[in-house]
Structures are given as C-alpha cells and as structure tokens.
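Notes follow the structure.
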Amino acid sequence: MRSAIHRYPLSSDVRSEEIVKLSLAAPLPHSGMAPVLSFQPIIDALSANIALLDGDGVIRGVNQAWMQFADANNSHLRNYGLGSNYLAPLVGIKPNDNRSEKGAQDLSFAGLVAGGLRNVLSNAVDKFQIEYPCNSPTDKRWYLLTITPFPGAGLLRAVVAHEDISALKLSEAKVLEESLQLSRAFSDTIAAIAMFIEKRDPYTAGHQLKVSALCVAIGQRLGLGAERLNGLRLGASIHDIGKMSVPAEILSRPGHLLAPELELIKYHCETGYDILRGIDFPWPIAEMVYQHHERLDGSGYPRHLKGAEISLEARIIAVADVFDAISSHRPYRAAKGQKEAIAELERGRDRWYDGAVVDALFAILQESDKHEGIPKPNRTP
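Note that the UniProt record's numbering numbers the sequence shown so that position 346 is 346, with each residue one more than the last.
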C-alpha cells in the first residue's frame, strides 16, 4: 500500500481552536448532501473527529465528535461546518509575524497536510498520516490525522479523521523514560563491574576504559551505527571480566609468569563468556568477550577461530587491546610504548589483525585530539 506517514512537532502552545481554524474555511453553498446521510450513523459511532470530503476538498459530512470538538473549543459553525473547504486555509495560512517560529511551523504543517490531501484525492497515495500536538494552557494532547480515499465512485472522495492519541503518547513517553532509566542502571552496573576487575589488578587500571574508547573511535571510523557502537562500547569495557577468576597475586605479580599461570590467565576469555552468556543483552557481548584474543590466521585462543568466524566487534577489541597492552605498563614489564605497539600491529596486519581495523586505529592516532580518551601519537618507546 502506498502511504505517507509523518510525525510533526508543532510548537508547544498550539491551541485546539487553532487546529480547527487551520483545517476549515468559510462555508460554501452546500449541495449533494444526500449521499452522506446513509453513512451518518456509522461515522457518529466513531470517537475520532470525522469529515467526509468531495473531490474539491469541500466538507460534505461530519460526525458528532467533530461538532462536539469544535463546540468545546469555541469555534463558530462556519469554521467547521458542512460546505467548508478543507483545503482553503491550508494553502492560505501565513506565518505569524509576532511568533515567527510558531508561524513557520504552522506553515510547514499546513503544507504537509495540503499536499497529503491532494495526493489522496489524486490517488497518488492510499493513505496520509501525521501526528501533531494540540495543546491548551491547561491540557496537552496529541492527535493522529489520517486521510484516506472514500470507496466508490460517487461524490465523496476522501475521509479525514483526527484521532486523539494522547493516552498512547503518554504511555510511549513513560516507556521511553523507563527504558532510559534501565539503560542508565545497566551502564552503571557495567562500569561497576569494570572497576571491580581493575581494582584487583592495579597495573591495568583504566585498561578496559581506554580500550573501550579506542573501540568506539575505530567503530565510528568504520561506519558502525549508534546501536552497534553502544554494544561495542559495553563489550570492550568488560572484555577482561573473566579475570575475576584469576588469583590477584598472579595478575599483579612482577616478572615472568610460569606456563601454567599463563594458561590460567588465557582461560579468562571462556570464563568471561560463561559469566555473560546467560544475560539477555541486545548485543553479542558474551561472544565479543569470548573472541577478543582470537586471530585471523587461527593462532589465537581459546577456539582458534579464523577470518570471518571472528565478529567485527571482537576484531576491533583485539586491535585496541593489543595497542593499549603494549603501550602501557604490565606487571611483568615496563611499558614498551606506542612505537612498539604500532610495529606489532603493522607486523600482524591482515595476518593476525584485521587490516581495516588497524588502518582505522592508525588514522585515529594521527588525529587523536578529536577523540576523548584516545592517546596522543607517540612513536618513541
């Protein structure tokens, strides 16, 4: 079905009577009313404000709800009655000079409605819809305007319906606010987990946050959408959550670790996956954590995944993780610096690390002043 559906944010002080005056003009001599009479009981039973139009946009019938709405808003019969032309005020409205912003909004709204009605009358679309606020000093309401063709080949050509959707909009606003509160609580929980992990390993304090900032910048560079970036940010910020199972004395021990200790640390990917896989995230967070030490050639761990078997998010985290780990101090060695980190990524480009991700990181380092939390370029140890 061809349709045109809009949501139009009019100024908050639009009055109900202004919407009525916007929609209807002075009466024309009415004729041909008989075809409408048979539909009157049907449209009177509807709660929406209904008007039936002919091919010229002239109102040939209205229901009781339409009349009651206009009466309640002190609109004279000539502004909404039978024989009025629905199109006339829409094409003749002028911006209010004293309230230019509202006037411009009204003009734009009128143009949208006039165009929508013409498209329905000419059969260019099967439906036109637009949501709009209709507020009074004491009440804020929302309406859905729907214009559809009138079936048949008689005098009537279009049905105009203004439906009060205020309850729905209030419900949507409540759901949105609850969703935002839940999102904030979720983000705070993730941040608390990340902080707990790093408290156990003072040498890597801030590592996950730095990796997360790098990942978001890389994702933006690669053109990821906002929702996917949000998932990447969260996944990167807890990518080492599995280290909660590693004894703190191993994480913070200076000097080289023994082979069994290294194997225990490597197990953190699987542990992290086990912790997160039962949580119904809107993103594949558990897989990001599971895969962030995999390498393109299959030499990574724990599952030795190759190429496209590794998610893009995990490939991004891998590059950011390697860069920050080599650049920063570790329990068993001093920081090697950005020069060595860059050399490592250059050596492993397209072999271990995704080349596009590596290139994106290098480009970001050259313009790091534009990215919050991104280290300044420094090719010295």
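Note that the Cβ used here is the ideal one computed from N, Cα and C, for glycine as well. Source: prediction; values computed, not measured.
Give me, in chain order, the residues of the same chain whose beta-carbon lies closer than 6 Å to that of Y301; leave out the 5 immediate sequence neighbours on both sides.
Indexing the sequence shown from 1 puts residue 301 at position 301. Closer than 6 Å at Cβ, skipping near neighbours: K266, H293.
Does the stretch 221 to 233 come close enough to the stretch 241 to 256 that 3 or more CB-CB pairs lie under 8 Å?
The way I'd put it, the stretch 241 to 256 doesn't touch the stretch 221 to 233; fewer than three beta-carbon pairs between them come closer than 8 Å.
Let me know if N123 comes out buried or exposed under the rule of 16 or more other beta-carbons within 10 Å of its beta-carbon.
Residue 123 sits at position 123 when you count from the first residue of the sequence shown. Under this definition N123 is an exposed residue.
Buried or exposed for G111, going by 16 or more other Cβ atoms inside 10 Å?
Against the sequence shown, residue 111 aligns to sequence position 111. The Cβ neighbour count for G111, taken over all protein chains shown within 10 Å, is under 16; the residue is labelled exposed.
From G235 to S245, what distance separates their C-alpha atoms?
As a position in the sequence shown, residue 235 is number 235, starting the count at 1. As a position in the sequence shown, residue 245 is number 245, starting the count at 1. Between the C-alpha atoms of G235 and S245 there is a straight-line separation of about 18 Å.
Sub-8 Å separation of L46 and N63 beta-carbons:
As a first step, residue 46 is located in the sequence shown; it is residue number 46 there, counting from the start. As a first step, residue 63 is located in the sequence shown; it is residue number 63 there, counting from the start. Yes, Cβ-Cβ distance for L46 and N63 is below 8 Å.
Spatial neighbours of W283 in its chain, beta-carbon cut-off 6 Å, leaving aside the 5 residues before and after
Against the sequence shown, residue 283 aligns to sequence position 283. G231, listed in sequence order.
Own chain, CB closer than 8 Å to S311, minus 5 neighbours either side, in chain order:
In the sequence shown, residue 311 corresponds to position 311, counting from 1. P284, E287, M288, Q291.
Pairs of beta-carbons, one from the stretch 317 to 332 and one from the stretch 210 to 217, closer than 8 Å: are there three or more?
Touching, yes.
On the premise that V125 lies in contact with A51, defined as a C-beta separation below 8 Å, what is that separation, rounded to the nearest angstrom?
Position 51 of the sequence shown holds residue 51. Position 125 of the sequence shown holds residue 125. Incorrect: roughly 18 Å between the Cβ atoms, too far for contact.
Kindly give me the distance between the Cβ atoms of Q296 and D359, rounded to whole angstroms, as I take these residues to be in contact under 8 Å.
On the sequence shown, position 296 is the one that residue 296 refers to. On the sequence shown, position 359 is the one that residue 359 refers to. It should be pointed out that residue 296 corresponds to Leu in this sequence rather than to Gln. The beta-carbon separation of L296 and D359, rounded to 14 Å, does not stay under the 8 Å limit for a contact.
CA nearest to the CA of I275, picked from E177, I193, E261
Taking the sequence shown and counting its residues from 1, one reaches residue 275 at position 275. Among E177, I193, E261, the Cα nearest to that of I275 is on I193.
Does DSSP put H30 in a helix, a strand or coil?
Sequence index remark: in the sequence shown, residue 30 carries index 30 (1-based). Low confidence applies to H30: its pLDDT is 42, below 50, so where it sits in the model is not reliable enough to give any reading.
Does the distance from the CB of I147 to the CB of L117 come in under 8 Å?
By 1-based counting over the sequence shown, the position of residue 147 is 147. By 1-based counting over the sequence shown, the position of residue 117 is 117. Yes, they are a contact pair.
Quick check on DSSP: helix, strand or coil for Y273?
Here the question's residue 273 lines up with position 273 in the sequence shown. DSSP, reduced to helix, strand and coil, places Y273 within a helical segment of the structure shown.
Any chain B beta carbon closer than 8 Å to I165:
Structure shown: chain B not included; a single protein chain is present.
How far does the beta strand (DSSP E) with L53 in it extend, from its first residue to its last?
By 1-based counting over the sequence shown, the position of residue 53 is 53. Element bounds for L53: 49 to 54.
By how many angstroms is the C-alpha of H329 removed from the C-alpha of E227?
Your numbering for residue 227 matches position 227 in the sequence shown. Your numbering for residue 329 matches position 329 in the sequence shown. If you take the alpha carbons of E227 and H329, they lie about 33 Å apart.
Consult DSSP for N85 and reduce its assignment to one of helix, strand or coil.
Mapped onto the sequence shown, residue 85 falls at position 85. Correct three-state label for N85: strand.
Near I316, what residues of its chain come up, given a Cβ to Cβ distance below 7 Å and the 5 sequence neighbours on each side ignored?
Locating residue 316 in the sequence shown gives position 316, where the first residue counts as 1. Correct list, in chain order: C215, I218, G219, L232, V357.
Starting from A320, trace the alpha helix (DSSP H) in both directions and tell me its first and last residue.
The sequence position of residue 320 within the sequence shown is 320, counting from 1. Here the alpha helix (DSSP H) through A320 covers 312 to 327.
Using the DSSP secondary-structure output, state which residues sit across from A161 in a beta bridge.
Within the sequence shown, residue 161 is the residue found at index 161, counting from 1. In the DSSP output, where bridge partners are listed per residue, A161 has I50, T146.
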